[in-house]
Amino acid sequence: MALRPTLLMTLIAAAAVAGCALEVQNRQPAQELAQAAKPPGSVYTGWRVFQERCAGCHGEAATGSSQAPDLLMRVRTLGPRGFMSRVLFRYDWGLRDVPPEGESPAREALVDEILQRRQGALVMPAWQGEPQVQAHIADLYAWLSARADSHA
Numbered sequence: 138m139a140l141r142p143t144l145l146m147t148l149i150a151a152a153a154v155a156g157c158a159l160e161v162q163n164r165q166p167a168q169e170l171a172q173a174a175k176p177p178g179s180v181y182t183g184w185r186v187f188q189e190r191c192a193g194c195h196g197e198a199a200t201g202s203s204q205a206p207d208l209l210m211r212v213r214t215l216g217p218r219g220f221m222s223r224v225l226f227r228y229d230w231g232l233r234d235v236p237p238e239g240e241s242p243a244r245e246a247l248v249d250e251i252l253q254r255r256q257g258a259l260v261m262p263a264w265q266g267e268p269q270v271q272a273h274i275a276d277l278y279a280w281l282s283a284r285a286d287s288h289a
């Protein structure tokens, strides 16, 4: 009977050690998944650009005003690609020959270029001639999606 408590304690200790080893082994894939789930762009940079260039119409918190819509409600259902496509469709910049409905190779290529920061010119009243905003559409999405997630 004295062997039974010793065996039980040995099994508990082995399970505890195995549990620690599993966390160390799984930490890297978990970090990779978390990184992959982040939207492209910098939340902080997106906030700064938004406050400087967009808050005047959309409000400091991006919740809209009498001049412009609530962007948080709109961005909740969009991923980075959907956000880019919405901007492309709504503000029609250089895709006049592309049908507005559905996806097209030209639209997909342009979205890819913006997501990879190879191109970024946008046409929107506050964005025309504003290279600071044009270069930071991914950052704006990162900030808007973070706000939308925290206010859901």
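Heads up: the sequence shown begins at 138 in the numbering used here, then just goes up one per residue.
Beta carbons: idealized from backbone N, C-alpha and C, even for Gly.
Requested in this report: Starting from the C-beta of Asp-276, find all residues in its chain whose C-beta is less than 7 angstroms away, skip the five residues before and the five after it, and write them out in chain order.
Outcome: Translated into the one-based positions of the sequence shown, residue 276 becomes position 139. Answer for Asp-276: Gly-178, Ser-179, Thr-182, Gly-183, Val-186, listed in chain order.
Requested in this report: Under 8 angstroms by Cβ, that's how I've got Tyr-278 and Pro-217 pegged, so tell me the actual separation to the nearest angstrom.
Outcome: Here residue 278 is taken as the residue at index 141 of the sequence shown, counted from 1. Here residue 217 is taken as the residue at index 80 of the sequence shown, counted from 1. Right, the Cβ-Cβ distance comes to about 6 angstroms (below 8 angstroms), so this counts as a contact.
Query - Buried or exposed (CB count within 10 angstroms, at least 16 for buried), Ala-199 - result: If you number the sequence shown from 1, residue 199 lands on position 62. By the 10 Å Cβ count, Ala-199 comes out buried.
Report task. Between the Cα of Arg-284 and those of Thr-214, Ser-241, Leu-209, Thr-143, spot the shortest distance and give me the residue it belongs to. Result -> The sequence position of residue 284 within the sequence shown is 147, counting from 1. It is Leu-209.
Requested in this report: Would you mind reading off the limits of the alpha helix (DSSP H) that contains Ala-272?
Outcome: In the sequence shown, counting from the first residue as 1, residue 272 sits at position 135. Per DSSP, Ala-272 belongs to no alpha helix (DSSP H) and is neither H nor E.
Query - Cα-Cα separation, Cys-194 to Gly-201 - result: The residue you call residue 194 lines up with position 57 of the sequence shown. The residue you call residue 201 lines up with position 64 of the sequence shown. One C-alpha to the other measures close to 7 angstroms.
Query raised in the report: Per DSSP, what kind of secondary structure is Thr-143 in: helix, strand or coil?
Result: On the sequence shown, residue 143 is found 6 positions in, with the first residue counted as 1. Three-state result, Thr-143: helix.
Requested in this report: Whole angstroms is fine: what's the gap from Ser-241's alpha carbon to Ile-274's?
Outcome: Position 104 of the sequence shown, counted from the first residue, corresponds to residue 241. Position 137 of the sequence shown, counted from the first residue, corresponds to residue 274. So the two alpha carbons sit approximately 21 angstroms from each other.
Query raised in the report: Taking C-alpha atoms, which residue in Ala-246, Ala-192, Pro-142 lies nearest to Ser-203?
Result: In the sequence shown, counting from the first residue as 1, residue 203 sits at position 66. Of the candidates Ala-246, Ala-192, Pro-142, the one whose C-alpha sits nearest the C-alpha of Ser-203 is Ala-192.
Query raised in the report: Cα separation between Ala-152 and Asp-286?
Result: For the purposes of this step, residue 152 is identified with residue 15 of the sequence shown, where counting begins at 1. For the purposes of this step, residue 286 is identified with residue 149 of the sequence shown, where counting begins at 1. Distance between the alpha carbons of Ala-152 and Asp-286: 38 angstroms.
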